[in-house]
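Residue numbers (mature numbering (1 follows the signal peptide of the UniProt record, and there is no 0)): -20 to -1, 1 to 435.
Written out below as structure tokens is the structure these notes cover.
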Ligand SMILES: [Zn+2]
């Protein structure tokens, strides 16, 4: 009897107080992409909200119940294609109202995100330009442009390089320790330098996958590359080493893997890079379907060998501009590299190393890195162009099936001498024989992929 009375008393005191605690809107950010605008509210907890659209003039109203604003509304200019202004509506007691004035007819999408990375609860509002959406739907129904065009000799077509500036929007990437440099800013600066350099090269054309501070989910990056008929895909990043390993430095290059990572470092890095979707903010439904896709069958073998060869060319070129962190191309399950075209991820330097962070901020150094990546691309280009007509990327066609030859390693032979002997790329030998950095043991039996022509 005594216990029951005490419980009743506690409920009486606690329940009304818990209900009354309002959710605080702590901050908001606006990111403008070429075809949409994203508004992110940082919240102290989960929140009830309602969204409705009004005409004449076009605007969207968001009501948040039991909420209050912390501080003042940040300045949000009418930048971007969709949003003209963001303002506070007349709030009632305990309710916040935000009004989005629009430039064009807009389709909104709204979702809430649970705490992820550096963020707590978030409410995300995406505004899509209706006209752009309709155009996309129409062009999706039209036949492939490749078929519609008069036959253009594949070998003479421009070599299109998709340049993917890592991270963006709510996903800052790694953060430098000394100057708080954000990886997303550095990658964009290097990507733009690279695009400038490629535009000056005869026979080459750049495509910037991200050209501003906004989030693009990893899978969409490859979709954009495909739409622009990219021949190769280069994702640009800046590495970070946790804990006390501040002295870690130099560039490294990665390719995707079907069968697990080549080493623990690559595995950790892939996990970190793949968290971009989660931190940058994909809808919960998208997250579910992406997980299913990753579990599904991916026929990547076709391009992995080409990606490894491209990565090796990239390392050779990058060695000329600075130290390498790893002299071979490591592999892991990078979501952004799952692609039918050769794709590599370049960790340009360690943003966690104060010395390299300073260099990464330097315009002249950004240009040098871009030049290194360009030199690597130019090394790989003739081989990749020669492969264009082939159904599934040269070396790889030979992948697991018969027709492969075997080579017994003789004393004094090196991987590169064997690669030369059979005219296959050294990275293809490494890949198909699962070899590390060292020389193969005398007497070891190596599989030589059968159609390994190295251009
Ligand atoms: Zn990164």
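Idealized CB from N, CA, C, for every residue including glycine.
Applying the criterion that 16 or more other CB atoms from any shown protein chain within 10 Å of the CB defines a buried residue, is residue 253 buried or exposed?
-> Here the question's residue 253 lines up with position 273 in the chain shown. The residue in question, residue 253, is buried, as its Cβ has 16 or more Cβ neighbours within 10 Å.
Between which two residues does the alpha helix (DSSP H) containing residue 396 stretch?
-> Sequence index remark: in the chain shown, residue 396 carries index 416 (1-based). Where residue 396 is concerned, the enclosing alpha helix (DSSP H) starts and stops at 395 to 402.
Touch check for the stretch 140 to 158 and the stretch 212 to 225: three-plus C-beta pairs under 8 Å?
-> The stretch 140 to 158, when compared against the stretch 212 to 225, does touch it at the 8 Å Cβ threshold.
Looking at the structure shown, is residue 262 part of a helix, part of a strand, or coil, going by DSSP?
-> For this step, residue 262 is matched to residue 282 along the chain shown. Here residue 262 sits in coil by DSSP.
Selection from 250, 364, 80 and 286 that minimises the alpha carbon distance to residue 443 = Examination of residue 443 is not possible in this model, given that the chain is present from -20 through 435 alone.
CA-CA distance, residue 51 and residue 173?
-> Stepping through the chain shown from its first residue, residue 51 is reached at position 71. Stepping through the chain shown from its first residue, residue 173 is reached at position 193. Distance between the alpha carbons of residue 51 and residue 173 is about 39 Å.
Could you say if the stretch 178 to 194 and the stretch 226 to 242 meet the contact criterion of at least three C-beta pairs nearer than 8 Å?
-> With a cut-off of 8 Å, the stretch 226 to 242 and the stretch 178 to 194 do not count as touching, because too few Cβ pairs lie within range.
N-terminal and C-terminal residue of the beta strand (DSSP E) that residue 43 is part of = In the chain shown, the residue the question calls residue 43 occupies position 63. For residue 43, the enclosing beta strand (DSSP E) covers residues 39 to 45.
Just how far apart, CA to CA, sit residue 154 and residue 350?
-> Residue 154 sits at position 174 when you count from the first residue of the chain shown. Residue 350 sits at position 370 when you count from the first residue of the chain shown. If I take the Cα positions, the gap works out to 20 Å.
Closest to residue 89 by CA distance: which of 54, 117, 40 and 341 is it?
-> As a first step, residue 89 is located in the chain shown; it is residue number 109 there, counting from the start. Measuring C-alpha to C-alpha distances from residue 89 to each of 54, 117, 40 and 341 identifies 40 as the nearest.
Exposed or buried, residue 422, counting other C-beta atoms within 10 Å across all chains shown (16 or more means buried)?
-> What you label residue 422 is simply residue 442 of the chain shown in a count that begins at 1. Counting other Cβ atoms within 10 Å of its Cβ, residue 422 stays below 16 and is therefore classed as exposed.
For residue 329 and residue 109, the rounded distance between their alpha carbons = If you number the chain shown from 1, residue 109 lands on position 129. If you number the chain shown from 1, residue 329 lands on position 349. Approximately 37 Å between the Cα atoms of the pair.
What do you reckon, are the CB atoms on residue 23 and residue 6 nearer than 8 Å?
-> Walking along the chain shown from the start, residue 23 turns up at place 43. Walking along the chain shown from the start, residue 6 turns up at place 26. Against a cut-off of 8 Å, the Cβ pair of residue 6 and residue 23 comes out as a contact.
Would you say residue 247 and residue 255 are within 8 Å of each other, going by their C-beta atoms?
-> Taking the first residue of the chain shown as 1, we reach residue 247 at position 267. Taking the first residue of the chain shown as 1, we reach residue 255 at position 275. No, Cβ-Cβ distance for residue 247 and residue 255 is not below 8 Å.
Measuring from the CB of residue 147, is there a heavy atom of ligand 1 at a distance below 7 Å?
-> As a working note, residue 147 is residue 167 in the chain shown. The answer is yes for residue 147.
Please name the residue in 342, 91 and 18 whose C-alpha comes closest to that of residue 65.
-> Counting from 1 along the chain shown, the entry for residue 65 is found at position 85. Nearest C-alpha to residue 65: 18.
When you compare each of 390, 219 and 393 to residue 332 by their alpha carbons, which one comes out closest?
-> The residue given as residue 332 occupies position 352 in the chain shown. Residue 219 holds the alpha-carbon nearest to the alpha-carbon of residue 332 among 390, 219 and 393.
Within 7 Å: the Cβ of residue 452 and any heavy atom of ligand 1?
-> Absent from the model: residue 452. The displayed extent of the chain is -20 to 435, so no value can be given.
So does residue 217 have its beta carbon nearer than 7 Å to some heavy atom of ligand 1?
-> Here residue 217 is taken as the residue at index 237 of the chain shown, counted from 1. Correct: residue 217 has its Cβ closer than 7 Å to ligand 1.
How about the stretch 289 to 296 and the stretch 353 to 362: do they share at least three Cβ pairs that are nearer than 8 Å?
-> At 8 Å Cβ cutoff, the stretches touch.
Can you tell me which of the three DSSP states residue 254 falls into?
-> Your numbering for residue 254 matches position 274 in the chain shown. Reduced to three states, the DSSP call for residue 254 is helix.
Hey, would you say residue 102 sits closer than 8 Å to residue 93, going by beta carbons?
-> Counting from 1 along the chain shown, the entry for residue 102 is found at position 122. Counting from 1 along the chain shown, the entry for residue 93 is found at position 113. Yes. Within cutoff.
Name the two residues that bound the continuous beta strand (DSSP E) containing residue 362.
-> Sequence index remark: in the chain shown, residue 362 carries index 382 (1-based). DSSP places residue 362 in no beta strand (DSSP E) but in the uninterrupted alpha helix (DSSP H) bounded by 343 to 366.
Looking at residue 163 and ligand 1, is the gap between the Cβ and the nearest heavy atom below 7 Å?
-> If you number the chain shown from 1, residue 163 lands on position 183. True, at least one ligand heavy atom lies under 7 Å from that Cβ.
How would you write the range of the beta strand (DSSP E) that residue 166 sits in, first residue to last?
-> Translated into the one-based positions of the chain shown, residue 166 becomes position 186. For residue 166, there is no enclosing beta strand (DSSP E); the enclosing alpha helix (DSSP H) has its first and last residue at 163 to 179.
Between residue 183 and residue 362, what straight-line distance do the alpha-carbon atoms span, to the nearest angstrom?
-> Numbered from its first residue, the chain shown carries residue 183 at position 203. Numbered from its first residue, the chain shown carries residue 362 at position 382. In this structure, the straight-line span from the alpha carbon of residue 183 to that of residue 362 is close to 11 Å.
Expected contact under 8 Å - CB spacing of residue 73 and residue 3 to nearest Å | Here residue 73 refers to the residue found at position 93 of the chain shown. Here residue 3 refers to the residue found at position 23 of the chain shown. Contact between residue 73 and residue 3 fails: their C-beta atoms lie close to 15 Å from each other, not under 8 Å.
Proximity below 8 Å, CB of residue 415 to CB of residue 312 = In the chain shown, counting from the first residue as 1, residue 415 sits at position 435. In the chain shown, counting from the first residue as 1, residue 312 sits at position 332. Not a contact, by the Cβ cut-off of 8 Å.
For residue 11 and residue 97, believed in contact at Cβ under 8 Å, the rounded distance | Locating residue 97 in the chain shown gives position 117, counting from the first residue. Locating residue 11 in the chain shown gives position 31, counting from the first residue. At roughly 16 Å, the Cβ-Cβ gap does not stay under 8 Å, so residue 97 and residue 11 are not in contact.
What residue does the beta strand (DSSP E) around residue 82 start on, and which one ends it?
-> Indexing the chain shown from 1 puts residue 82 at position 102. Counting along the chain, the beta strand (DSSP E) containing residue 82 begins and ends at 75 to 82.
Taking C-beta to C-beta, are residue 43 and residue 67 nearer than 8 Å?
-> Within the chain shown, numbered from 1, the residue matching residue 43 stands at position 63. Within the chain shown, numbered from 1, the residue matching residue 67 stands at position 87. Cβ distance not < 8 Å, so residue 43 and residue 67 don't count as in contact.
Assumed close pair residue 151, residue 195 - CB separation to whole angstroms, cut-off 8 Å = Here residue 151 is taken as the residue at index 171 of the chain shown, counted from 1. Here residue 195 is taken as the residue at index 215 of the chain shown, counted from 1. Rounded, the Cβ-Cβ distance is 6 Å, consistent with contact.
Are the Cβ atoms of residue 303 and residue 157 separated by less than 8 Å?
-> By 1-based counting over the chain shown, the position of residue 303 is 323. By 1-based counting over the chain shown, the position of residue 157 is 177. Between residue 303 and residue 157, the C-beta gap is not smaller than 8 Å, which leaves the two residues out of contact.
For residue 31 and residue 211, the rounded distance between their alpha carbons = Here residue 211 refers to the residue found at position 231 of the chain shown. Here residue 31 refers to the residue found at position 51 of the chain shown. Those two C-alpha atoms are separated by around 42 Å.
Can you give the Cα-Cα distance for residue 113 and residue 107, rounded to whole angstroms?
-> Working through the chain shown from its first residue, we reach residue 113 at position 133. Working through the chain shown from its first residue, we reach residue 107 at position 127. Each residue's alpha carbon lies about 11 Å from the other.
Option nearest residue 176 by Cα separation, candidates 399, 368, 388 and 346 = As a working note, residue 176 is residue 196 in the chain shown. The option with the nearest alpha carbon to residue 176 is 346.
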